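Q: Starting off with a structure, shown below.
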Amino acid sequence: SQKIEQNSEALNIQEGKTATLTCNYTNYSPAYLQWYRQDPGRGPVFLLLIRENEKEKRKERLKVTFDTTLKQSLFHITASQPADSATYLCALAAMDNDMRFGAGTRLTVKP
Amino acid sequence: DAGVIQSPRHEVTEMGQEVTLRCKPISGHDYLFWYRQTMMRGLELLIYFNNNVPIDDSGMPEDRFSAKMPNASFSTLKIQPSEPRDSAVYFCASNLGLAEGNEQFFGPGTRLTVL
Numbered sequence: 101s102q103k104i105e106q107n108s109e110a111l112n113i114q115e116g117k118t119a120t121l122t123c124n125y126t127n128y129s130p131a132y133l134q135w136y137r138q139d140p141g142r143g144p145v146f147l148l149l150i151r152e153n154e155k156e157k158r159k160e161r162l163k164v165t166f167d168t169t170l171k172q173s174l175f176h177i178t179a180s181q182p183a184d185s186a187t188y189l190c191a192l193a194a195m196d197n198d199m200r201f202g203a204g205t206r207l208t209v210k211p
Numbered sequence: 007d008a009g010v011i012q013s014p015r016h017e018v019t020e021m022g023q024e025v026t027l028r029c030k031p032i033s034g035h036d037y038l039f040w041y042r043q044t045m046m047r048g049l050e051l052l053i054y055f056n057n058n059v060p061i062d063d064s065g066m067p068e069d070r071f072s073a074k075m076p077n078a079s080f081s082t083l084k085i086q087p088s089e090p091r092d093s094a095v096y097f098c099a100s101n102l103g104l105a106e107g108n109e110q111f112f113g114p115g116t117r118l119t120v121l
């Protein structure tokens, strides 16, 4: 069966460090992989998209890698700040626009 | 654009009652998605529409759930009869489809509590 796993439910890091979140999937052939941020009481907000033929994408302090051989994406936040504390979700999109989400990793950045 | 609009924001009802959740997608978006989020199961795709036509409803838990999209600017998700295990946050999302990278825009959600 199809499965999307995010490495841990919670991740705590110190301000200024790099946060690395992992998304692994099985029995999928995604056309896209996306990362979203969700704050308490709100809907997810899109951050980054990476296509199946791309290895890496960057946006400001964010970096996403996509390895279709390992079936894994890594999401990095460099120079993390307390304002980065939130739950981060990875999502896989198939060619027909069917989108499925992982359970999310709750990141806490401590000052 | 005001973004994706959902109503109500909160709904408390008793078991056995009918519940109707409403969604207005972003104008011009061809795709509309309904998700359910719980602590135990995360964000689950229930059903999605393309140009008002249901494409995949395999995520709808059972026959008590139904969704409609009578036009491009309105969709409903109905639960009849509701049960306590339906308690969750229900999100509606829309996007332009794969050709535009399919970034999803989520509404604020409806928090449903079934007593």
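Protein sequences, first through last, are from chains A and B. In this text, residue positions in the first sequence follow the numbering used here: the first is 101, and each later residue adds one. In this text, residue positions in the second sequence follow the numbering used here: the first is 7, and each later residue adds one. The beta carbon of each residue, even a glycine, is placed where N, CA and C say it ideally should be. All figures in this text were calculated on a predicted structure; none of them were measured in a lab.
Against chain B, which members of the stretch 122–153 of chain A pass a CB distance test of less than 9 Å?
A: Taking 9 Å as the Cβ-Cβ cut-off against chain B, the residues of the stretch 122–153 of chain A that qualify are Ala131, Tyr132, Gln134, Tyr136, Gln138, Gly141, Arg142, Gly143, Pro144, Val145, Phe146, Leu149 and Arg151.
Q: Beta-carbon within less than 7 Å of B/Asn101's beta-carbon, same chain only, minus the 5 sequence neighbours each way: which residues are those?
A: Along the second sequence, read from residue 1 onward, the residue named residue 101 of chain B stands at position 95. Same-chain partners within the cutoff: His35, Tyr37, Asn108, Glu109, Gln110 and Phe111.
Q: Which chain B residues sit within Cβ distance under 7 Å of A/Phe201?
A: The residue labelled residue 201 of chain A in the question sits at position 101 within the first sequence. Neighbours of A/Phe201 on chain B, chain order: Gly48 and Leu49.
Q: Around the C-beta of B/Met75, are 16 or more other C-beta atoms found within 10 angstroms, so that it is buried, or is it exposed?
A: As a working note, residue 75 of chain B is residue 69 in the second sequence. With 16 or more Cβ atoms within 10 Å of its Cβ, B/Met75 is classed as buried.
Q: Listing by chain order, which chain B residues have their CB less than 9 Å from the CB of A/Leu189?
A: Start at 1 with the first residue of the first sequence, and residue 189 of chain A comes out as number 89. Those are Gly48 and Leu49, listed as they occur along chain B.
Q: For the stretch 91–112 of chain B, which residues have a beta carbon sitting closer than 7 Å to at least one beta carbon of chain A?
A: Result list: Phe97, Gly103, Leu104, Gly107, Asn108, Glu109, Gln110 and Phe112.
Q: Within 9 Å of any Cβ in chain B, is that where the Cβ of A/Gly204 sits?
A: Locating residue 204 of chain A in the first sequence gives position 104, counting from the first residue. Chain B contact via Cβ: present.
Q: For A/Ala194, which of A/Gln134, A/Leu121 and A/Lys117 has the nearest alpha-carbon?
A: Locating residue 194 of chain A in the first sequence gives position 94, where the first residue counts as 1. When only C-alpha atoms are compared, the closest one is A/Gln134.
Q: Roughly how many angstroms separate the alpha carbons of A/Glu160 and A/Tyr128, rounded to a whole number?
A: Within the first sequence, residue 160 of chain A is the residue found at index 60, counting from 1. Within the first sequence, residue 128 of chain A is the residue found at index 28, counting from 1. Using only the alpha carbons, I get a separation of about 29 Å.
Q: Specify whether the stretch 107–123 of chain A and the stretch 176–193 of chain A touch according to this definition: at least 3 beta carbon pairs, one from each stretch, less than 8 Å apart.
A: Yes, the stretch 107–123 of chain A touches the stretch 176–193 of chain A.
Q: Identify every residue that forms a DSSP beta bridge with A/Leu170.
A: The residue you call residue 170 of chain A lines up with position 70 of the first sequence. Beta-bridge pairing links A/Leu170 to no other residue.
Q: Take A/Asp196 as the anchor and find which of B/Leu118, B/Ile61, B/Arg47 and B/Ile85 has the nearest alpha-carbon.
A: The residue labelled residue 196 of chain A in the question sits at position 96 within the first sequence. The shortest C-alpha separation from A/Asp196 is found at B/Ile61.
Q: For the stretch 49–63 of chain B, which residues have a beta carbon sitting closer than 9 Å to at least one beta carbon of chain A?
A: Per Cβ criterion, the list reads Leu49, Glu50, Leu51, Tyr54, Asn56, Ile61 and Asp62.
Q: Beta carbon of B/Glu89, beta carbon of B/Met45: below 9 Å?
A: In the second sequence, residue 89 of chain B corresponds to position 83, counting from 1. In the second sequence, residue 45 of chain B corresponds to position 39, counting from 1. In this structure, B/Met45 does not lie closer than 9 Å to B/Glu89 by Cβ.
Q: Would you decide whether B/Ala8 is buried or exposed? Buried here means 16 or more other CB atoms lie within 10 Å of its CB.
A: As a working note, residue 8 of chain B is residue 2 in the second sequence. Exposed, by the Cβ-count rule.
Q: Beta-carbon of A/Ala110 versus every beta-carbon of chain B: anything under 9 Å?
A: Residue numbering aside, residue 110 of chain A sits at position 10 when the first sequence is read from its first letter. For A/Ala110, the answer is no, since every Cβ of chain B falls outside 9 Å of its Cβ.
Q: So what's A/Ala131 in DSSP terms, helix, strand or just coil?
A: Counting from 1 along the first sequence, the entry for residue 131 of chain A is found at position 31. Coil.
Q: On a CA-only basis, which of B/Gln43, B/Ser64 and B/Gly103 is nearest B/Ile53? Give me that one, please.
A: Here residue 53 of chain B is taken as the residue at index 47 of the second sequence, counted from 1. Nearest option by C-alpha distance: B/Ser64.
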